[in-house]
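Undergrad: Just passing along the structure, written as structure tokens.
Number of protein chains: 2
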Amino acid sequence: MALSDIDRLIQLLAKLPGLGPRSARRAALHMINNRSALMTPLTEAMAAAAQNIRTCSQCGNLDTRDPCAICTDPKRDLSIICVVEDVADLWALERTASYRGIYQVLGGVLSPLDGVGPEDLNITALLGRAAQEAVREVILATSATVDGRTTAHYITDRLAESGANVSVSALAHGIPVGGELDYLDDGTLSAALKERRSI
Amino acid sequence: MALSDIDRLIQLLAKLPGLGPRSARRAALHMINNRSALMTPLTEAMAAAAQNIRTCSQCGNLDTRDPCAICTDPKRDLSIICVVEDVADLWALERTASYRGIYQVLGGVLSPLDGVGPEDLNITALLGRAAQEAVREVILATSATVDGRTTAHYITDRLAESGANVSVSALAHGIPVGGELDYLDDGTLSAALKERRSI
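For the record, the sequence lines run as chains A and B.
Each residue of the first sequence is one higher than the one before, starting from 0 at the first, in numbering that gives the first Met the number 0.
Each residue of the second sequence is one higher than the one before, starting from 0 at the first, in numbering that gives the first Met the number 0.
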């Protein structure tokens, strides 16, 4: 017997991250019970997104325009490039509304175990952009994981080799805002101590 | 500024049960990065479901056919009606593959606090079906909550009044299969003791 419309919907919903078989069933029922308020608008939004969203050829961001809204924003400081692993990290930084430079999305981190080498990331594009006269600083905003740090080290070396006239920086380590010392891991606490600032 | 396609997609995804703003963003990115494998098939499945799925006019189940596949299945025992709160509960019972009768979906439970009265549930339809010659038993499979029990009591009274010649039963209380006594709440444990069976 062919898969029914409901089963097929549930099966596809269960492929979304964060949804298992049980929550996919709940989501499917919720959609079917709210057809005009949710299911139809969501279907249309998905069709529009699938058709209109493309990857920015300059920075790797996702947007309906190419170059993206950030790369073409005249208020943005084109002299600072912030290097992020993926678009989710770019969005996270944008939500802080405290960064006014531009971005370079790597598309991942170096990971020998997963077979991800430098040629799989947008590092050549980054080096080309960093070599431009106007660029003064590259901020390495990769994760504080082993792979993220390795990637940051590798990019620092490549930037130095390339002779690009940029300063390279990384995000500060320290106590999360609102965090209690007692619950903090030793690595973060010692980093916060080492990078203490005078007030 | 108009909401961008991505923001609109995320906003609508966040309305699904089980997805918050963060997981909706992850789901949207995952979809955009897997357009042909996931986003397009899901869009099509949603459109097909929105168009084809209807409520069974006999039992209240959701299906592409009306009457639904369960009501029209010649292998089903039409003499037993199992009363469930909603379609999710019907699916849960179907997954056990241990019930071969038919169903009546109430569409909720009696809940004075939420303003749900008997006229908001499919109780009249149930009484009509229970009055048929062929029906011998009505199984009340409402939840073991206060509202679920109240609804079961109400239906039992109405069935008695109606003079329908049916036996009324309810799901057994007891120890969940695989459950450890030590972790069980007192109510379940005393119900399991009271309803003990000889072996």
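Each residue gets a CB set at the ideal place from its N, CA and C atoms; glycine is no exception.
Since residue 69/A sits in a beta bridge, which residues does DSSP pair it with?
TA: In DSSP, residue 69/A forms no bridge with anything.
Undergrad: Which residue wins for smallest C-alpha separation from residue 132/B, given the options 164/B, 19/B, 151/B, 181/B?
TA: It is 164/B.
Undergrad: Using a Cβ cut-off of 7 Å, pull out every chain B residue sitting near residue 86/A, in sequence order please.
TA: Result: 28.
Undergrad: With distances taken Cα to Cα, identify the nearest neighbour of residue 179/B among 143/B, 188/B, 171/B.
TA: 188/B
Undergrad: Can you tell me which of the three DSSP states residue 136/B falls into?
TA: strand
Undergrad: State yes or no: is the C-beta of residue 86/A within less than 8 Å of the C-beta of residue 60/A?
TA: yes
Undergrad: So which residues on chain B does residue 14/A lean against when the C-beta distance must stay under 7 Å?
TA: 37
Undergrad: Any beta carbon from chain A within less than 8 Å of residue 142/B's own beta carbon?
TA: no
Undergrad: Mind checking residue 84/B: buried by the 16 CB within 10 Å criterion, or exposed?
TA: buried
Undergrad: Pull out every residue of the region 44-62 of chain B whose Cβ sits closer than 8 Å to any Cβ of chain A, in chain order.
TA: 44, 45, 46, 47, 48, 49, 51, 52, 61, 62
Undergrad: When the cut-off is 8 Å and only beta carbons count, does residue 92/A lie next to chain B?
TA: no
Undergrad: DSSP state of residue 103/B, grouped into three classes?
TA: strand
Undergrad: Specify, as a first and last residue, the run of the beta strand (DSSP E) that residue 4/B falls within.
TA: Residue 4/B -> not in any beta strand (DSSP E); alpha helix (DSSP H) instead, spanning 4-12.
Undergrad: Rounded to the nearest angstrom, what separates residue 28/B and residue 134/B at their Cα positions?
TA: 52 Å
Undergrad: Which word fits residue 195/A, buried or exposed, when buried means at least 16 other C-beta atoms lie within 10 angstroms of its C-beta?
TA: exposed
Undergrad: Here's a check: name, in chain order, each residue in its chain whose Cβ is nearer than 6 Å to the Cβ of residue 67/B, leaving out the five neighbours to either side.
TA: 55, 60
Undergrad: Return helix, strand or coil for residue 149/A, following the three-state DSSP convention.
TA: DSSP places residue 149/A in helix when its eight states are reduced to three.
Undergrad: Does the CB of residue 147/A have a neighbour CB from chain B at under 8 Å?
TA: no
Undergrad: By how many angstroms is the C-alpha of residue 57/B removed from the C-alpha of residue 0/A?
TA: Any reading at residue 0/A must be qualified, since the residue scores a pLDDT of 41, below 50, and its modelled position is unreliable; no value is offered.
Undergrad: Are the C-beta of residue 25/A and some C-beta of chain B separated by less than 8 Å?
TA: yes
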